[in-house]
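Protein chains in written order, with the working numbering: chain A, 1 to 299; chain B, 1001 to 1289; chain C, 2001 to 2323.
Note sheet for the following structure.
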Ligand SMILES: Nc1ncnc2c1ncn2[C@@H]1O[C@H](COP(=O)(O)OP(=O)(O)O)[C@@H](O)[C@H]1O
Ligand SMILES: [Mg+2]
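Right, dumping it as structure tokens:
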């Protein structure tokens, strides 16, 4: 949030690559071969170091598929059928399995909803972080341990030594999300994807995790893709927002403009819905975002 | 469910084989071309026009012995399964309804029966209790009973805890109606699967016991006994065990195929299996037309 | 932390103990009851059919068989805890001593069979899971289904007919102690062990395949992928470890069958282990000898299952917790 938001109008898809762009999606289409249907119909975005882009949309709108495409972990029989994904200047379509393994963790990391399920229940959480540091970071067992505790400390886990030795079932959802974040940033990636990372948490914990993500982007210069079905979450952190519905990009632009001056009825609906839940806190002024109620009914 | 079952090819094959075995069981001794106990000078003869499956070490006709051995082998298998069904299913269902003490005790008993090395106990029980085929069947039936206990208990538990039964009770349905409509539908398929499995297992165990000479006296022909006598003459006639072994295996395989087919027919996959085949046939017809 | 790890180990032993102590007590009681119900008596073995009632009573008194059932049972159970399994009615030998020699043979065969079951079962199961839903998977499944219906006595006879009689590659019968060399020992055990192992191979392979396939779909495997761990590491560290539970558990269930199968394989392969001993003793009506075999096998099963439980708990605490 330190840098000025880069305005990328949805129409202007082809633009020359900026050297600071860490992630560029151009008209990415995702296709399900089994049912022979297109699930995501052209998503474009560009992301620079330290910048935060938000993807909002209701459940089933294609947010997770887009993230999975970026991570190279689309489900079986689902493929990127059009457009291009460029990770740190490399075309994702040309990456081999080994390239992907090398990129994941070091260039791009991710955290998801339901953190408990993304950690191995049979291994202590500390060992799982230590494993990454050892195998990918090349640290010795002892150094990896020390670094793991440091990382746990840096994501504000209380008593990191204790957490290190605990199993998934011994930790709360908020703590587990911090653990996952610590693992995701352990190899100093350039990009972090947070797919509904705060969805299952209570309001206070959700706010804490968002604060942590904001702090990390600032401190580490991470580029963050923040995915949520909740506009309030995205509004708080993002420089730019992309609104998805049924796999289509409904609207895309700087957060302030999307919130204050939504062009599409669907976006207006999302904004209006949140006014009742205190979105105005992030809007600053509420005067020009007032919607007539009949507009809502038409959507 | 039976309709779905009969449309599965594997079920048809299994049932076909079992019908043949049933005929052999019912009429085997009558069909036998020779006296299964009468030896001759023609010992260890290879298969020929007179002796289709050859003769054994005392010159008895192998085909006749296999046919004559069928009733004892198959009937005792059926009785083993019957005994296990009764000894397992009834306590299994009761364990859900008779309170926690009966439940705990019956569960521990079942744990114990499962942990006992099966064949050693079957041999010990049969031989110590009088070494007759009845003793053998009771011993094996008791040791197999846990299979039915667990299945019946699990099925009864799901039924007892399910909301539709509660709803039916609240709606004033009679017990008989509930049992017919809901309980049977849930309990019967797993019991049928277990029964088919147990029949295969029972035949293996009964054959093992008769192979060891437990539960029957020597000249009496049984499939296991025929195998045992062939074993001693392997150097002279290495292929001899093939005949009794094949009939045991084919029967066991048919029981297992039937169990799998019932599982398919009762489960979700039944409709899909039948449906996929029907869809393929439809397409073929359309393309041909 | 040390305390919590200690507690975890205690729970991993304690919980199965709650199951297996009743199993041990019931199994041994069942064994004793069986001897009692058989109505066999040392008198007829020693005196023959011509025994007079007085002579029978005298012999039974000598063996303590005229005491009340409860007293005999408690006495017998107490002896078991002192490793005293009584004397054979047939020749007066100490059952425990005879069984010790014999159990070595049976355990050797069961042990080799177990190793074959684990190695072949794991290899086949892992192969099927690795190539899930391909022809490899179908071929492995077809193979395991086939071998699972082959009873040990049929497999045993086939192995003797092929490898010992027709090809003359391996000895058809007998046992050589391991002191005589690993080669001869194994060459005598390998065929009976293979015959015993089929069912275990099939079940372990099936359980491992299903366990691995369902584990591969777990989010934590995606998680490990996203962290940048390689496929081999993910398979061995994350998938195998969590997917192995059902296969290990089935091993505990199969062990009784491996011990029990001794009765048949020892008869086929001319091994004088405790299976053959049990058959002979049972036919002779030598109750203490039969009871000795049964008690030993119950104890072996209980011990083996305790070990399986501890291993399971160390390997996958979540699986052992029933999560
Ligand atoms: N594994 C899959 N197989 C088939 N369809 C899928 C799969 N995963 C997601 N989809 C479909 O893709 C669409 C978008 O899904 P997703 O990206 O998970 O939505 P979101 O994350 O926005 O809730 C949905 O309509 C869903 O049905
Ligand atoms: Mg999603």
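Backbone N, C-alpha and C define an ideal beta-carbon position, used for all residues, glycine too.
Give me the chain C residues within the contact set of residue i, using Cβ-Cβ distance strictly less than 8 angstroms, ordered along the chain.
| i | result |
| --- | --- |
| residue 1200/B | 2149 |
| residue 119/A | 2220 and 2223 |
| residue 132/A | 2227, 2228 and 2229 |
| residue 1207/B | 2151 and 2153 |
| residue 1305/B | Residue 1305/B lies beyond the stretch modelled for chain B, which goes from 1001 to 1289, so this question has no answer here. |
Report the option in the options whose CA atom is closest to the CA atom of residue i.
| i | options | result |
| --- | --- | --- |
| residue 259/A | 249/A, 250/A and 235/A | 235/A |
| residue 2289/C | 2041/C, 2017/C, 2021/C and 2014/C | 2041/C |
| residue 1106/B | 2145/C, 2023/C and 2265/C | 2023/C |
| residue 2104/C | 2037/C, 2068/C and 2185/C | 2185/C |
| residue 250/A | 171/A, 267/A and 63/A | 267/A |
| residue 1218/B | 1138/B, 1251/B and 1131/B | 1131/B |
| residue 49/A | 69/A, 107/A, 100/A and 42/A | 107/A |
| residue 1255/B | 2148/C, 2136/C, 2117/C and 2098/C | 2148/C |
| residue 184/A | 217/A, 26/A, 165/A and 158/A | 217/A |
| residue 273/A | 264/A, 248/A, 244/A and 230/A | 230/A |
| residue 228/A | 84/A, 131/A and 62/A | 62/A |
| residue 1241/B | 1080/B, 1035/B, 1109/B and 1066/B | 1066/B |
| residue 2152/C | 1102/B, 1207/B and 1148/B | 1207/B |
When you compare only the Cα positions, how much space is there between residue i and residue j?
| i | j | result |
| --- | --- | --- |
| residue 1121/B | residue 2262/C | 12 angstroms |
| residue 163/A | residue 1160/B | 43 angstroms |
| residue 2033/C | residue 1071/B | 32 angstroms |
| residue 74/A | residue 2236/C | 22 angstroms |
| residue 2224/C | residue 2209/C | 20 angstroms |
| residue 66/A | residue 122/A | 30 angstroms |
| residue 1212/B | residue 1039/B | 22 angstroms |
| residue 2026/C | residue 2084/C | 19 angstroms |
| residue 261/A | residue 255/A | 10 angstroms |
| residue 90/A | residue 100/A | 11 angstroms |
| residue 2117/C | residue 1259/B | 24 angstroms |
| residue 36/A | residue 82/A | 14 angstroms |
| residue 2101/C | residue 2295/C | 16 angstroms |
| residue 240/A | residue 126/A | 35 angstroms |
| residue 223/A | residue 2213/C | 35 angstroms |
| residue 2173/C | residue 2156/C | 11 angstroms |
| residue 2265/C | residue 2251/C | 19 angstroms |
| residue 2230/C | residue 135/A | 9 angstroms |
| residue 1078/B | residue 2109/C | 32 angstroms |
Kindly list, in the order they appear in chain B, the residues whose Cβ is closer than 7 angstroms to that of residue i.
| i | result |
| --- | --- |
| residue 2166/C | 1238 |
| residue 2268/C | 1231 |
Between which two residues does the alpha helix (DSSP H) carrying residue i extend?
| i | result |
| --- | --- |
| residue 1984/C | For chain C, the structure presents residues 2001 to 2323; residue 1984/C sits outside this window and is missing. |
| residue 1043/B | Run containing residue 1043/B: none; DSSP gives neither H nor E here. |
| residue 1121/B | 1118–1128 |
| residue 1255/B | 1242–1266 |
| residue 2297/C | 2287–2315 |
| residue 2210/C | 2182–2216 |
| residue 131/A | 125–135 |
| residue 1114/B | 1100–1115 |
What are the start and end residues of the beta strand (DSSP E) that includes residue i?
| i | result |
| --- | --- |
| residue 191/A | 191–195 |
| residue 1222/B | Residue 1222/B -> no beta strand (DSSP E), and no H or E assigned at all. |
So with CB distances below 7 angstroms, who are the chain A contacts of residue i?
| i | result |
| --- | --- |
| residue 2238/C | 120 |
Residue i touches chain A at which residues, Cβ-Cβ below 8 angstroms?
| i | result |
| --- | --- |
| residue 2242/C | 120, 121 and 122 |
Check the Cβ of residue i against every Cβ in chain C and list those closer than 9 angstroms, keeping chain order.
| i | result |
| --- | --- |
| residue 1150/B | Within 9 angstroms Cβ-Cβ: nothing; residue 1150/B doesn't reach chain C, min ~12 angstroms. |
In chain B, what lies closer than 8 angstroms to residue i by C-beta?
| i | result |
| --- | --- |
| residue 2259/C | 1117 and 1120 |
| residue 2108/C | Correct list: empty, because the minimum Cβ distance to chain B is about 16 angstroms. |
List the residues of chain B that residue i touches, going by C-beta distances under 9 angstroms, in chain order.
| i | result |
| --- | --- |
| residue 2294/C | 1116, 1117, 1120, 1121 and 1124 |
_Residues, ordered as in the chain, of the segment 2222–2234 of chain C that lie near chain A by beta-carbon distance below 9 angstroms_ = 2222, 2223, 2224, 2225, 2226, 2227, 2228, 2229, 2230, 2231 and 2233
*Listed from N- to C-terminal order along the chain, which residues in the segment 1121–1139 of chain B have their beta-carbon within a distance smaller than 9 angstroms of any beta-carbon of chain C?*
1121, 1122, 1123, 1124, 1125, 1126, 1127, 1128, 1129, 1130 and 1131
*Any residues in the segment 99–120 of chain A with a beta carbon nearer than 8 angstroms to a beta carbon of chain C? Which ones, in chain order?*
101, 102, 103, 104, 105, 106, 109, 110, 112, 114, 117, 118, 119 and 120
*asked:* Using a Cβ-Cβ cutoff of 7 angstroms, what residues of the segment 135–152 of chain A are near chain C? List them in chain order.
replied: 135 and 136
*Taking a Cβ distance cut-off of 8 angstroms, strictly less, list which residues of the segment 1235–1266 of chain B are near chain C, in chain order.*
1235, 1238, 1239, 1241, 1245, 1248, 1249, 1252, 1253 and 1256
*Name, going along the chain, the residues of the segment 175–187 of chain A whose beta-carbon falls closer than 9 angstroms to a beta-carbon of chain C.*
180, 183, 184, 186 and 187
*Residues of the segment 44–77 of chain A whose Cβ lies closer than 7 angstroms to any Cβ of chain C, in chain order*: So the list reads 71 and 73, given in the order they occur along the chain.
*Mind listing which residues of the segment 2272–2306 of chain C have their C-beta closer than 9 angstroms to chain B's C-betas, in chain order?*
2274, 2275, 2278, 2279, 2281, 2282, 2283, 2284, 2285, 2287, 2290, 2291, 2293, 2294, 2297, 2298, 2300, 2301, 2302 and 2305
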